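In full-length UniProt numbering, the protein residues as written are 1 to 435.
Virtual Cβ for every residue (Gly too), placed ideally from N, Cα, C.
On a predicted model such as this, the values are computed, not experimentally measured, just so you know.
Report on the structure given below.
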Amino acid sequence: MVGATGSRPGLPEKPVPTAASPTLSSLGAVFILLKSALGAGLLNFPWAFYKAGGVTPAFLVELVSLIFLISGLVILGYAASVSGQATYQGVVGDLCGPTIGKLCEACFVVNLLMISVAFLRVIGDQLEKLCDLLLPSALPALQPWYAEQRFTLPLLSALVILPLSAPREIGFQKYTSILGSLAACYLALVIMVQYYLGPPGLVHEPRPAARPSSWTSMFSVFPTICFGFQCHEAAVSIYCSMRRRSLSHWALVSVLSLLACCLIYSLTGVYGFLTFGTDVSADILMSYPGNDVVIIVARALFGVSIVTVYPIVLFLGRSVMQDFWRRSCYRAGGLGALAEPSGPWVRGLLTVLWVAVTLAMALFLPDLSEIIGIIGGISSFFIFIFPGLCLICAVGVEPVTPRVKCCLEVWGAVSVLVGTFIFGQSTVAAALELF
1 MVGATGSRPG
11 LPEKPVPTAA
21 SPTLSSLGAV
31 FILLKSALGA
41 GLLNFPWAFY
51 KAGGVTPAFL
61 VELVSLIFLI
71 SGLVILGYAA
81 SVSGQATYQG
91 VVGDLCGPTI
101 GKLCEACFVV
111 NLLMISVAFL
121 RVIGDQLEKL
131 CDLLLPSALP
141 ALQPWYAEQR
151 FTLPLLSALV
161 ILPLSAPREI
171 GFQKYTSILG
181 SLAACYLALV
191 IMVQYYLGPP
201 GLVHEPRPAA
211 RPSSWTSMFS
221 VFPTICFGFQ
231 CHEAAVSIYC
241 SMRRRSLSHW
251 ALVSVLSLLA
261 CCLIYSLTGV
271 YGFLTFGTDV
281 SADILMSYPG
291 NDVVIIVARA
301 LFGVSIVTVY
311 PIVLFLGRSV
321 MQDFWRRSCY
331 RAGGLGALAE
341 PSGPWVRGLL
351 TVLWVAVTLA
361 MALFLPDLSE
371 IIGIIGGISS
381 FFIFIFPGLC
391 LICAVGVEPV
401 TPRVKCCLEV
411 WGAVSVLVGT
421 FIFGQSTVAA
431 ALELF
C-alpha cells in the first residue's frame, strides 16, 4: 500500500512483489553490493590519483562522486518499489517507456560484456605472472604449453567460474563475496604496509604532490571512479532478493556498502600514489617487484577477488537474455515454450554462452586497458542517467507533495546532466587516445 511505511513523509514506498522467497540478509546484501564495486578498478585508483593531480583533488572528485553514487542506489530501490519490477532493465522499461527500456537493455548487455572481458583479461594476466614465477624460464617462448594463458584461463573458467555462475539467485553470491571482499582488503593492506616499509629493491623517496595541469584533468578520473564503483547494475536484483525491503533500510545498506568501498579504494589510491608518485603504473601491482612473496600473495588473492565478482556480472547479463528469451520464444509458443527461461536448461545454456563469448574475446582481442574510459563512460548511464530518469518518472506516477516532487525532479535532472557530461567527456577522451 502506498505510504504504508510512514518512515519517509511525502515519499511513498510500495513493496516489490516477491519473486521467489527472498532469503538475502542485510549483511549479505552489503557484502554483495560491496563486492560488486570492488573489481578491477582497485588496481587503477593510484594511477587515477596521479591523473587527478594529487591526493586532495582526487579526494574532492571522489567525495562528489560518492554523493551521486549513493543517491543512485537509493533511487533504484525506490524505483523498484514503485514499478514492481525485479531487474534493472525492467524498472527502466516500466517507468520510462519501452524505447528507453530497449536502450537500457542494449547498454546493459554491452557494458556487462565489456566488464566481463576486462575481468577475464585481469585474471589471465595474474595467472600468467604467477606461472612465470612458479615456472621460471630464460625465454618466454620456452614456457610449457600448460603455463600459457590460452590454456590456464579456459581451464579456470571451466572449473571455477562456470560453476560459480550457475546458481539461479544472486543471494548465493554472498558467500563468495565475503571471500572476495577480504581479498581486496588484503591488497589495500599490502599497499599501505609497503608504503611504510618500502618495496624491496625500490628507493623510497618522498615525492612532491603533483598538481592538476587543468580542470579537465580532475574530471578525467570520473571514468575510473565509475568503473571502480559500478555496483548499480546489481542494485535492483539485490534489493528484490532481500528479506527486509524498505527504502530506509535499503538506504542504510547502500551507505554502508559504498562507505566501506570508498575506504578501501581511498587507502589503495593514496598509499599507492604516495609510494610511487608520478612513476605509478596504471596497474599498481606492476609497480612492485615481481619476486616479492607478499606481492605474489596479493596478486593471487586479487585474482580470487575478480573470480568472485565475475559471476555477479554474468547473473545480470543473463537476466537480460532471459527476458529476451521470454518475450521472443516463450510467449510466442515456439521452442522456448519447452523450457522455462529461469529453468536449469535455459539458464545453463545462457551461462555457458556468456562465458564462452567473453573468454574468446579476452583471449583474442587486443589489450583492453585503453578502453577503460569507454567502460566508465557507459557505466555513467547506470549510475547517473537511468536513475535520474527513473526518479523523474516515478514521482510522476506516485502521489507526493508538490515541494517534494519539485526537489526530486530537480535532482533527477541534475543526475541526468552530470551523467551525460561524464559520458561525453570520457568517451571523447578515450576515442582520442585510441586514435
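Closer than 6 Å by C-beta to Q230: which residues in its own chain qualify, once you throw out the five before and the five after it? Chain order, please.
Walking along the sequence shown from the start, residue 230 turns up at place 230. In its chain, beyond the 5 residues on either side, S379 have a beta carbon closer than 6 Å to the beta carbon of Q230.
Tell me the DSSP secondary structure of L24 in three-state form.
Here residue 24 is taken as the residue at index 24 of the sequence shown, counted from 1. L24 falls in the strand class under three-state DSSP.
Is the stretch 92-104 in contact with the stretch 354-363, if contact means three or more CB pairs nearer than 8 Å?
no
How far does the alpha helix (DSSP H) with R168 in it extend, from its first residue to its last?
Sequence index remark: in the sequence shown, residue 168 carries index 168 (1-based). Careful: R168 lies outside any alpha helix (DSSP H) and carries neither H nor E.
Compare the beta carbon distance of C262 and E62 with 8 Å and say whether it is the shorter of the two.
Residue mapping note: residue 262 aligns to position 262 of the sequence shown, counting from 1. Residue mapping note: residue 62 aligns to position 62 of the sequence shown, counting from 1. Yes, the Cβ-Cβ distance between C262 and E62 is below 8 Å.
If you compare alpha carbons, which of R121, L42, V304 is closest to L267?
Locating residue 267 in the sequence shown gives position 267, counting from the first residue. Distance check between L267 and each of R121, L42, V304 places L42 closest, using alpha-carbon atoms only.
Would you call the CB atoms of residue 439 and W354 closer than 8 Å?
Since the displayed the chain opens at 1 and closes at 435, residue 439 lies outside it and no answer follows.
Where in the stretch 372-429 do unbroken runs of the alpha helix (DSSP H), each at least 4 residues long, occur, reported from the N-terminal end onward?
372-380, 386-397
Return the CA-CA distance between G97 and I225, expressed in angstroms with no decimal places.
On the sequence shown, residue 97 is found 97 positions in, with the first residue counted as 1. On the sequence shown, residue 225 is found 225 positions in, with the first residue counted as 1. When rounded, the separation of the alpha-carbon atoms in G97 and I225 is 29 Å.
Taking all protein chains shown into account, do 16 or more other C-beta atoms lie within 10 angstroms of the C-beta of N111, making it buried, or fewer, making it exposed?
For the purposes of this step, residue 111 is taken as the residue at position 111 of the sequence shown. N111 comes out buried.
Assuming V352 contacts V30 under a Cβ cut-off of 8 Å, what Cβ separation, rounded to an integer in Å, is found between them?
Along the sequence shown, read from residue 1 onward, the residue named residue 352 stands at position 352. Along the sequence shown, read from residue 1 onward, the residue named residue 30 stands at position 30. In fact, because the Cβ distance is near 31 Å, the residues do not count as touching under 8 Å.
Quick one: give me the first and last residue of the alpha helix (DSSP H) that E128 is part of.
Looking up residue 128 in the sequence shown gives position 128. Here the alpha helix (DSSP H) through E128 covers 98-134.
To the nearest angstrom, how far is it from the Cα of S305 to the Cα of L417?
Here residue 305 is taken as the residue at index 305 of the sequence shown, counted from 1. Here residue 417 is taken as the residue at index 417 of the sequence shown, counted from 1. Each residue's Cα considered, the two are about 34 Å apart.
What does a CB cutoff of less than 7 Å around V221 pick up in its chain, not counting 5 residues either side in sequence?
As a working mapping, residue 221 is identified with position 221 in the sequence shown. Hits under 7 Å: A48, K51, A52, A58, V61.
Do you know whose CA, among G28, I70, D94, lies nearest G396's CA?
Here residue 396 refers to the residue found at position 396 when the sequence shown is read from its first residue. Out of G28, I70, D94, D94 has the C-alpha closest to the C-alpha of G396.
For I161 versus P311, is the C-beta distance shorter than 8 Å?
The residue given as residue 161 occupies position 161 in the sequence shown. The residue given as residue 311 occupies position 311 in the sequence shown. A contact, by the Cβ cut-off of 8 Å.
What span of residues does the alpha helix (DSSP H) with E62 cover, start to end?
Walking along the sequence shown from the start, residue 62 turns up at place 62. Looking at the DSSP string, the run of the alpha helix (DSSP H) that includes E62 is 55-83.
I need the straight-line Cα distance from R318 to L155, nearest angstrom please.
Start at 1 with the first residue of the sequence shown, and residue 318 comes out as number 318. Start at 1 with the first residue of the sequence shown, and residue 155 comes out as number 155. Linking R318 to L155 through their CA atoms gives a straight-line distance of about 22 Å.
What does the alpha-carbon distance come out to for the pair L285 and L135?
Within the sequence shown, residue 285 is the residue found at index 285, counting from 1. Within the sequence shown, residue 135 is the residue found at index 135, counting from 1. Computed Cα separation, rounded: 20 Å.
By Cβ distance, which residues of its chain are closer than 6 Å to G269, with the 5 residues on each side in sequence left out?
To locate residue 269, count along the sequence shown from 1; it is residue 269. The answer, listed in chain order, is F45, P46, F49.
Is it buried or exposed for T278, if we count other Cβ within 10 angstroms and need 16 for buried?
Walking along the sequence shown from the start, residue 278 turns up at place 278. With fewer than 16 other beta carbons inside 10 angstroms of its own, T278 counts as exposed.
What residue does the alpha helix (DSSP H) around C149 start on, and which one ends it?
Sequence index remark: in the sequence shown, residue 149 carries index 149 (1-based). The sequence shown places Gln at residue 149, rather than the Cys named in the question. Here the alpha helix (DSSP H) through Q149 covers 149-156.
Anyone know if the C-beta pair for V190 and V55 falls short of 8 Å?
On the sequence shown, residue 190 is found 190 positions in, with the first residue counted as 1. On the sequence shown, residue 55 is found 55 positions in, with the first residue counted as 1. It is not a contact, given that the beta carbons lie outside the stated cut-off.
By Cβ distance, which residues of its chain are closer than 8 Å to P22, with the 5 residues on each side in sequence left out?
Counting from 1 along the sequence shown, the entry for residue 22 is found at position 22. Cβ within range, chain order: G171, C240, S241, M242, R243, R245.
Suppose the cutoff is 7 Å on Cβ atoms and the five residues either side in sequence are ignored; what does the same chain contact list for F227 look like?
Here the question's residue 227 lines up with position 227 in the sequence shown. These residues qualify, in order along the chain: G41, I372, I375, G376, S379.
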